[in-house]
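With this note's numbering as the guide, the letters of the sequence shown map in order to residues 88 to 266.
By construction, the Cβ of each residue, glycine as well, lies at the ideal position given by its N, Cα and C atoms.
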Amino acid sequence: TDVSHLRFTLESVAKQLWPEWVLCLTTDVALSGHLAEIVTAMGDARVRVTGPDPAVLGDWAAWVPAGDVLHEACLFALAHAVTQNPEAVVAYTDNDHVDSQGCFLTPHAKPDWNPDLLAGQYYLGGLVSYRADVVEGGPGCETPHERALRTTMGLTASQVAHVPHLLYSARVNSARRST
Numbered sequence: 088t089d090v091s092h093l094r095f096t097l098e099s100v101a102k103q104l105w106p107e108w109v110l111c112l113t114t115d116v117a118l119s120g121h122l123a124e125i126v127t128a129m130g131d132a133r134v135r136v137t138g139p140d141p142a143v144l145g146d147w148a149a150w151v152p153a154g155d156v157l158h159e160a161c162l163f164a165l166a167h168a169v170t171q172n173p174e175a176v177v178a179y180t181d182n183d184h185v186d187s188q189g190c191f192l193t194p195h196a197k198p199d200w201n202p203d204l205l206a207g208q209y210y211l212g213g214l215v216s217y218r219a220d221v222v223e224g225g226p227g228c229e230t231p232h233e234r235a236l237r238t239t240m241g242l243t244a245s246q247v248a249h250v251p252h253l254l255y256s257a258r259v260n261s262a263r264r265s266t
């Protein structure tokens with residue numbers, strides 16, 4: 088993992104307006120000295136380093152790759168959406184992309200819940216949050232699309248919350264940007 092990309096992600100999580108989060112950094116190798124320094128420098132007990140298969144530590148879980156960025160209101164908006172819709176099992180946001188120069192590009196406004204579309208393509212992409220009880224015990228090696236298909240099977244529209252705001256930016260490299 089590029090440490091500068093990880094720092095970008097950590098900083099975006101630390102700036103969240105919603106204070107009730109725990110960040111688990113998963114790794115199957117010992118922390119490098121530089122990475123350990125970054126985590127220690129954050130001085131935030133909500134940041135934890137775990138093995139490759141962490142337990143879910145809260146009511147909801149989401150996966151954020153190093154380099155991706157959460158808008159400061161992202162977790163607040165997700166928490167608001169699931170509080171307003173107690174039936175929700177899955178919640179997702181719209182997203183855009185951020186390149187190596189920090190430029191935001193290619194916004195992706197997603198449709199509301201559409202199980203037929205999800206069967207054919209992983210349109211949820213970006214930040215998808217799952218109620219903890221539906222992701223616990225799942226296979227650790229599944230792709231995000233496989234996880235979405237497994238956890239949404241049989242759900243109704245009232246159980247899948249779409250937060251229609253650009254709250255997540257996925258990292259793209261310059262080579263991907265030109266295609």
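CB contact flag (V215, A235, <8 Å): Taking 8 Å as the Cβ cut-off, V215 and A235 qualify as a contacting pair.
Excluding the five sequence neighbours on either side, which residues of its own chain have a C-beta within less than 6 Å of the C-beta of L162, listed in chain order? Excluding its 5 nearest sequence neighbours in each direction, L162 has C-beta neighbours in its own chain below 6 Å: Q103, W105 and W108, listed in chain order.
Should the segment 229–245 be regarded as contacting the segment 202–209, the criterion being three or more beta carbon pairs within less than 8 Å? Under the Cβ criterion (8 Å, minimum of three pairs), the segment 229–245 counts as touching the segment 202–209.
Can the beta-carbon of V185 be found closer than 8 Å to that of V156? The criterion of a C-beta distance shorter than 8 Å is satisfied by V185 and V156.
Rounded to whole angstroms, what is the Cα-Cα separation between Q246 and R218? Distance between the alpha carbons of Q246 and R218 is about 10 Å.
Going by DSSP in three states, A123 sits in which element: helix, strand or coil? Three-state result, A123: helix.
Extent of the continuous alpha helix (DSSP H) run through A232: The amino acid occupying residue 232 in the given sequence is His; Ala does not appear at that position. P231 to T239 is the extent of the alpha helix (DSSP H) around H232.
Would A248 and V169 qualify as a contact pair, given that the criterion is a beta-carbon distance under 8 Å? Cβ atoms of A248 and V169: closer than 8 Å.
Note down, one range per segment and in chain order, each beta strand (DSSP E) of at least 3 residues found wholly within the segment 183–229. Segments of the beta strand (DSSP E) lying fully in the segment 183–229: 191–195 and 215–218.
Candidates C190, A166, Q188 and T230: which alpha carbon is nearest G145's? Distance check between G145 and each of C190, A166, Q188 and T230 places A166 closest, using alpha-carbon atoms only.
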